[in-house]
Amino acid sequence: MKEFIFKPFGEMTETDYETVGFKSGLEIHQQLYTDKKLFCHCPAGIYSDNYDAEILRHMRPTLSELGVYDGTALMEFKTKKEIIYRINRNTVCTYEMDDTPPFLINEDALDIALGIAL
Numbered sequence: 003m004k005e006f007i008f009k010p011f012g013e014m015t016e017t018d019y020e021t022v023g024f025k026s027g028l029e030i031h032q033q034l035y036t037d038k039k040l041f042c043h044c045p046a047g048i049y050s051d052n053y054d055a056e057i058l059r060h061m062r063p064t065l066s067e068l069g070v071y072d073g074t075a076l077m078e079f080k081t082k083k084e085i086i087y088r089i090n091r092n093t094v095c096t097y098e099m100d101d102t103p104p105f106l107i108n109e110d111a112l113d114i115a116l117g118i119a120l
């Protein structure tokens, strides 16, 4: 990388960002009003404070597509963090319980997300 002297934010140019290789992204989490959940065929948008069962789970780190472990997952594994899932039989699905690989993405949700992003 070329020698670079960082400038105040307001003075940075597109060329400056290219020089340092800066890339940035924005991640937003929002429940979309669709018939199905994002990666399964279960109904979306049904909520209840009532639950029929609780499941105790512990984080178990796995390698990402890049061959590295997520730091937060490792920390929670090392500290034996307990996560309690409350399950309502009308809304739970096997995907949420990590018993099913994800299905193809819900096209309606993808269209909504792309429309918001644009």
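Using this note's numbering, you'd call the opening residue of the sequence shown number 3 and step up by one each time. Where is the CB? At the ideal position from N, CA and C, for every residue including glycine.
Assigned exposure category for residue i - 16 Cβ within 10 Å defines buried
i	result
N108	buried
A119	exposed
K80	exposed
Given residue i as reference, the closest of the options once Cα atoms are compared
i	options	result
I128	Y71, R91, T36	Not covered by the structure: residue 128. The range shown for the chain is 3 to 120.
E56	R91, T102, F6	R91
A121	P104, F105, V94, P103	Outside the displayed span of the chain (3 to 120) sits residue 121, for which this structure offers no information.
T102	F11, C44, K80	C44
N52	D110, E16, I89	I89
Cα-Cα separation between residue i and residue j, rounded to whole angstroms
i	j	result
D72	L112	26 Å
D54	S26	42 Å
E5	E20	13 Å
G117	L65	32 Å
F24	K9	14 Å
I7	L76	35 Å
Beta bridge counterpart(s) of residue i as assigned by DSSP
i	result
P45	K38
H31	None, per the DSSP bridge assignment.
Quiz item: How about the region 60-71 and the region 82-98: do they share at least three Cβ pairs that are nearer than 8 Å?
Solution: Three or more beta-carbon pairs separated by less than 8 Å link the region 60-71 to the region 82-98, which places the two stretches in contact.
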